[in-house]
Structure formats: C-alpha cells, structure tokens
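Numbering (my numbering), first residue to last: -7 to 368.
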C-alpha cells in the first residue's frame, strides 16, 4: 500500500482541544453537543470551522487553523470559545476541560451519531464505552517525508515528559486513582491506541497499514490512535499524548514545547545528525511512570538506561530549546512551562482542591480556570 504524505509548510502548527460540556447546576456532564454545534453553525447551517463534534455528546472540540506560531493557533482557539459562550450560557452549560471529568459515570454518556463512532463502540464494547477522556493534539508541519519517522523516534525519548507536564486526570468515576494521568492508562486499552511502533523505514509503515487494513483492524489511517503518529493527509506529525489542559495558557505552553522539540529535531537532521532513540521497553516504562507519578516521575533518558527526575530534564530542555523558541516566535508560551515546573501540574492542583472542597470543588475549579484562561 502506498501511503502518500501531503506537502506542508515546515513547522506550521495546529492545535485541537477537547472540551467538556458541564451542567451549570449539577457539575455533571451534559449530552448537549448537537444543540451546541447547531447553535454555533452559520446562518446557512454550515458547521463552525473551528468547533467540531467528538465521540461523545458531552464533548465539543475546538481546533485552530494552520498557523505559523503557537500564539496564532491559540488566538483561533480563543475565538472559537468566544463563539461558544453565548450558546452554552443560554443552555446553562459551562465549558471545562481536563483529561477526565472527576465524577461523571461512563455508563450515562451517549455516543455521537456517526458511523465511525458506532463502529468503534461495537468493536471495543466495554472498553470503548469507558472512553470518557479528553486530550490536546498538536500538529507540526514536516516538509520532507524522510524526516517523519526519525523525528517521531526522537520524540519518544521525551513524550513522557510532555505527558507529565500535561497530566490532569487523577480522578475516575468519583475515585482518586493514584495516577497523575488516568486518561493515559484508559486510552491505551483501545487496540490501536497507546505507544506507536518505532518504524525506521516508510515502507515498513506502509506494510503495517496494508496488513491492518487487509485484516479489518482499521478502515482508515486515522483509526491508528497512537500517542504520536504521522498525519499523512495533512503533512504533519501529530502529538496526542497529552491530557486536555484546564486552561488556554497551559494548552499553549505544552504546544510550544512540542513545537520546539519537533523543529529542534528537524534542525539536527538538517545538520546530518542521527537522532536519539530509546528501546520500546523503555518507552513503555516511561509512559507508565509518567502516568503514575506525573511531575515526580524518574524517567529513562536514553538507550543506556540513564534516569532523571522529569522536572530536572525539562529544565534543561527549556534552556536548550530557547533559541528555537526565538525562531518560532513562542518565547512567552515556552516560558509558561516554567510556571508548571514551579507551581505544579493540573493533577496536583485538582488533588489540593479535592482535599478542601471535594469533587464538586474540582469541577468548579476546572470551570473557573477555563474562564480565567490560566491556572488558579
């Protein structure tokens, strides 16, 4: 099977952010996406270009256009949320986000009426019905297909650091799971989700896709829901490992770090360097450590098995990537990663709020951070 890779401007960037529709009175999720999407549609009924449906009717996704900077993508997201507010407020719905909702039950969530979603649930049954999960996906444009697989391999040496910084799902069905990102543990139960295979040749990826299609595992490439994947139709690498942030500032901070990492590895390829990789067993272990311990995770750095506290590694990464951020125009957004290092990630804030105000308080804090646009 030939898998073509679209032409895309180098290091262009786009962001997708999944939002929860929360009942303003109970704090539980509302199955109201159809009404919300209808409300933001154009006068001719045309769908809003930056607000999309998702798997569940308690969710809408705001998406940016293709941008040169993370700030430009963030402006698209902010405008989409502004467009949503009059519609959701009229329905007594609040917008919120995090990797999971603290207490909503998966059993009561309804699936969007689309064939691909029905097929997913029919195949995956109980696990598919547990996908009460929310993420942020960052697309970065790659100008040469030959760069895609080496950059993905290099990103797998640092993807768990992104997961730790973005971790925002300590609760599941009303319980403290003990994990910083329970979303990470739940989502990987789908048969084509989780850590990607480390292909070194594009032809090997094509052979894999052909095998999966011929045997009925997938119908389209988009059904490969890996933590990092090529997006051939867009000409991008899509980083999907991160929990949804509770506020726009943290969305853009994590997106800037992702953007800078991809461009950093692209520049190293231009210089003739061989990019770093780690064995698949270390990648899998890092994913688990990050999901479990978040900002306190000690992660494996290289194929020699060297280890380091995630916060120490990220501090060095920020210094190394500072010149890249200058060139990409995201110095301020990358600087906000230091705020996460200093003040803690979302899961840590949620746990502190839960001690004082229970899970209702956690929902209230998620709503408040969404409105404020930054951590509280």
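Ideal Cβ positions, reconstructed from N, Cα and C, are used throughout, including at glycine. Quantities reported herein were computed from a predicted structural model and do not represent experimental measurements.
Review point. DSSP on residue 278, reduced to helix/strand/coil?
Key: The answer is helix: DSSP assigns residue 278 an H, G or I state.
Point to revise | Any 3 or more C-beta pairs closer than 8 Å across the stretch 123 to 138 and the stretch 303 to 319 | key: Inter-segment contact for the stretch 123 to 138 and the stretch 303 to 319 is absent: fewer than three beta-carbon pairs are separated by less than 8 Å.
Check your understanding: Can you tell me whether residue 361 is buried or exposed, with buried defined as 16 or more other CB within 10 angstroms of its CB?
Key -> By the 10 Å Cβ count, residue 361 comes out buried.
Check your understanding: Within 8 Å (strictly less), CB to CB, does residue 12 reach chain D?
Key -> In the structure shown, chain D does not exist; there is a single protein chain.
Practice item. Report the three-state DSSP secondary structure of residue 134 (helix, strand or coil). Key: Correct three-state label for residue 134: coil.
**Study point:** Within the stretch 180 to 243, ranges of the alpha helix (DSSP H) (whole runs, at least 4 residues)
**Key:** Segments of the alpha helix (DSSP H) lying fully in the stretch 180 to 243: 194 to 206.
**Study point:** Own chain partners of residue 22 with C-beta closer than 8 Å, once the 5 adjacent residues on each side are dropped
**Key:** Excluding sequence neighbours, residue 22 sits near 13, 14, 15, 50, 83 and 85.
Point to revise | Same chain, Cβ closer than 6 Å to residue 57, five either side skipped, listed in chain order | key: Around residue 57: 68.
**Study point:** For residue 206 and residue 281, the rounded distance between their alpha carbons
**Key:** Counting only the Cα atoms, residue 206 lies some 35 Å from residue 281.
Point to revise | Cβ pair residue 339, residue 160 closer than 8 Å | key: Yes, these two residues count as a Cβ contact at 8 Å.
Practice item. Pick helix, strand or coil for residue 270, following the three-state DSSP scheme. Key: Of the three classes helix, strand and coil, the one that applies to residue 270 here is coil, per DSSP.
Exercise for review: Could you pull the start and end residues of the beta strand (DSSP E) that residue 44 belongs to?
Suggested key: Going by DSSP, residue 44 is part of the beta strand (DSSP E) stretching over 43 to 45.
Practice item. Report, in whole angstroms, the separation of the C-beta atoms of residue 152 and residue 291, which I expect to be a contact under 8 Å. Key: At roughly 5 Å, the Cβ-Cβ gap stays under 8 Å, so residue 152 and residue 291 are in contact.
Review point. Since residue 303 sits in a beta bridge, which residues does DSSP pair it with?
Key: For residue 303, no pairing in a beta bridge is given by DSSP.
Review point. How about the stretch 230 to 246 and the stretch 128 to 141: do they share at least three Cβ pairs that are nearer than 8 Å?
Key: Contact between the stretch 230 to 246 and the stretch 128 to 141 is present, with at least three C-beta pairs closer than 8 Å.
Point to revise | DSSP-derived helix/strand/coil call for residue 365 | key: Here residue 365 sits in coil by DSSP.
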